[in-house]
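Residue numbers (the numbering used here): 120 to 254.
All C-beta atoms, glycine included, are put in the ideal place defined by N, C-alpha and C.
Note that the structure is a prediction, hence the values are computed from the model and not measured.
These notes are about the structure you will find just below.
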Amino acid sequence: MAGILFERGVDSAGFAIVKSKGDQALFGGFTTNDMKKKLGVPASRPVADFLPTLTIKAKDFANELTSHNVVEKDLHGEHPIANEHTENNIAVRKMLKERGVQPEALPPAEDLKKISRRLDTEDKKAHKQVGKKKK
(Lines of atoms letter the chains of each structure in order from A and count residues from 1; the text may use other names and numbers.)
(Lines give C-alpha, C1' and ligand atoms only; values in the text may rest on other atoms or scores of the structure.)
Protein backbone atom coordinates (compact mmCIF):
# COMPACT_ATOMS: atom_id res chain seq x y z
CA MET A 1 0.00 0.00 0.00
CA ALA A 2 2.85 2.39 0.79
CA GLY A 3 4.08 2.58 -2.78
CA ILE A 4 0.67 3.44 -4.17
CA LEU A 5 0.13 6.13 -1.55
CA PHE A 6 3.53 7.72 -2.15
CA GLU A 7 2.81 7.79 -5.90
CA ARG A 8 -0.42 9.62 -5.13
CA GLY A 9 0.96 12.48 -3.08
CA VAL A 10 1.04 11.02 0.42
CA ASP A 11 4.36 11.54 2.24
CA SER A 12 5.75 9.49 5.14
CA ALA A 13 3.95 11.56 7.78
CA GLY A 14 0.70 11.31 5.82
CA PHE A 15 1.15 7.56 5.44
CA ALA A 16 1.45 7.23 9.22
CA ILE A 17 -1.73 9.28 9.64
CA VAL A 18 -3.63 7.15 7.10
CA LYS A 19 -2.52 3.93 8.84
CA SER A 20 -3.36 5.35 12.27
CA LYS A 21 -6.86 6.39 11.20
CA GLY A 22 -7.40 2.91 9.75
CA ASP A 23 -6.30 1.26 12.99
CA GLN A 24 -8.61 3.51 14.98
CA ALA A 25 -11.54 2.52 12.76
CA LEU A 26 -10.71 -1.20 12.97
CA PHE A 27 -10.25 -1.09 16.75
CA GLY A 28 -13.53 0.68 17.47
CA GLY A 29 -12.04 4.05 18.34
CA PHE A 30 -8.94 2.79 20.14
CA THR A 31 -5.78 4.41 18.79
CA THR A 32 -2.64 2.45 18.01
CA ASN A 33 -1.16 3.69 21.31
CA ASP A 34 -4.32 2.65 23.18
CA MET A 35 -3.95 -0.83 21.69
CA LYS A 36 -0.27 -0.94 22.67
CA LYS A 37 -1.25 -0.21 26.28
CA LYS A 38 -4.15 -2.66 26.19
CA LEU A 39 -1.93 -5.46 24.81
CA GLY A 40 1.13 -4.58 26.90
CA VAL A 41 3.26 -3.71 23.87
CA PRO A 42 6.45 -1.76 24.63
CA ALA A 43 6.30 1.78 23.21
CA SER A 44 9.30 1.12 20.95
CA ARG A 45 7.73 -1.96 19.31
CA PRO A 46 5.09 -2.16 16.56
CA VAL A 47 1.67 -3.25 17.77
CA ALA A 48 1.55 -5.67 14.83
CA ASP A 49 4.24 -7.81 16.52
CA PHE A 50 1.65 -8.67 19.18
CA LEU A 51 -1.58 -8.88 17.21
CA PRO A 52 -3.34 -12.20 16.72
CA THR A 53 -3.34 -13.60 13.20
CA LEU A 54 -7.01 -12.74 12.66
CA THR A 55 -6.32 -9.07 13.34
CA ILE A 56 -3.26 -9.06 11.09
CA LYS A 57 -5.34 -10.57 8.27
CA ALA A 58 -8.13 -8.02 8.88
CA LYS A 59 -5.61 -5.17 8.64
CA ASP A 60 -4.10 -6.72 5.49
CA PHE A 61 -7.53 -7.05 3.89
CA ALA A 62 -8.40 -3.41 4.63
CA ASN A 63 -4.99 -2.36 3.25
CA GLU A 64 -5.59 -4.31 0.03
CA LEU A 65 -9.07 -2.80 -0.34
CA THR A 66 -7.54 0.63 0.06
CA SER A 67 -4.79 -0.06 -2.48
CA HIS A 68 -7.35 -1.34 -4.97
CA ASN A 69 -9.82 1.50 -4.46
CA VAL A 70 -7.17 4.23 -4.55
CA VAL A 71 -6.30 3.09 -8.06
CA GLU A 72 -9.88 2.33 -9.16
CA LYS A 73 -11.23 5.65 -7.88
CA ASP A 74 -8.08 7.54 -8.91
CA LEU A 75 -7.66 9.06 -5.44
CA HIS A 76 -4.86 11.51 -4.68
CA GLY A 77 -3.72 13.17 -1.48
CA GLU A 78 -3.80 12.30 2.19
CA HIS A 79 -7.38 13.33 2.99
CA PRO A 80 -9.31 11.33 0.35
CA ILE A 81 -7.04 8.32 0.81
CA ALA A 82 -7.37 8.47 4.62
CA ASN A 83 -11.15 8.59 4.23
CA GLU A 84 -11.06 5.57 1.91
CA HIS A 85 -8.82 3.62 4.29
CA THR A 86 -11.01 4.49 7.27
CA GLU A 87 -14.15 3.36 5.43
CA ASN A 88 -12.49 0.08 4.47
CA ASN A 89 -11.47 -0.58 8.07
CA ILE A 90 -15.00 0.24 9.24
CA ALA A 91 -16.37 -2.29 6.71
CA VAL A 92 -13.90 -4.97 7.83
CA ARG A 93 -14.75 -4.27 11.49
CA LYS A 94 -18.48 -4.54 10.71
CA MET A 95 -17.96 -7.95 9.11
CA LEU A 96 -15.89 -9.16 12.06
CA LYS A 97 -18.50 -7.95 14.54
CA GLU A 98 -21.23 -9.73 12.57
CA ARG A 99 -19.18 -12.90 13.09
CA GLY A 100 -18.85 -12.21 16.85
CA VAL A 101 -15.30 -10.82 16.80
CA GLN A 102 -14.19 -7.49 18.27
CA PRO A 103 -10.58 -6.87 17.22
CA GLU A 104 -9.79 -4.73 20.27
CA ALA A 105 -11.01 -7.49 22.61
CA LEU A 106 -8.82 -10.28 21.21
CA PRO A 107 -5.94 -11.35 23.45
CA PRO A 108 -2.42 -10.53 22.34
CA ALA A 109 -0.45 -13.08 20.39
CA GLU A 110 3.00 -14.22 21.41
CA ASP A 111 5.70 -11.64 20.67
CA LEU A 112 7.05 -12.22 17.15
CA LYS A 113 10.62 -11.60 18.31
CA LYS A 114 10.30 -14.39 20.89
CA ILE A 115 8.88 -16.73 18.27
CA SER A 116 11.71 -15.87 15.90
CA ARG A 117 14.36 -16.51 18.58
CA ARG A 118 12.75 -19.84 19.50
CA LEU A 119 12.65 -20.94 15.84
CA ASP A 120 16.30 -19.94 15.37
CA THR A 121 17.25 -21.98 18.44
CA GLU A 122 15.26 -25.00 17.24
CA ASP A 123 16.82 -24.69 13.79
CA LYS A 124 20.33 -24.66 15.27
CA LYS A 125 19.50 -27.72 17.39
CA ALA A 126 18.15 -29.54 14.34
CA HIS A 127 21.31 -28.77 12.33
CA LYS A 128 23.46 -30.08 15.19
CA GLN A 129 21.40 -33.29 15.26
CA VAL A 130 21.79 -33.75 11.51
CA GLY A 131 25.55 -33.16 11.85
CA LYS A 132 25.81 -35.83 14.57
CA LYS A 133 23.90 -38.39 12.47
CA LYS A 134 26.24 -37.87 9.48
CA LYS A 135 29.31 -38.75 11.55
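Query: If we count Cβ pairs, one from each stretch, closer than 8 Å, do we get three or more for the segment 207-226 versus the segment 159-166?; Result: no
Query: Is the Cβ-Cβ distance between I200 and V160 less than 7 Å?; Result: no
Query: What number of angstroms, rounded off, separates the C-alpha of G122 from the C-alpha of H246?; Result: 39 Å
Query: Using a Cβ-Cβ cutoff of less than 7 Å, which residues in the same chain neighbour V111 once the five nearest sequence positions on both sides are dropped?; Result: Outside the displayed range of the chain (120 to 254) lies residue 111, so it cannot be described from this structure.
Query: Classify E203: buried if its beta carbon has 16 or more other beta carbons within 10 angstroms, exposed otherwise.; Result: buried
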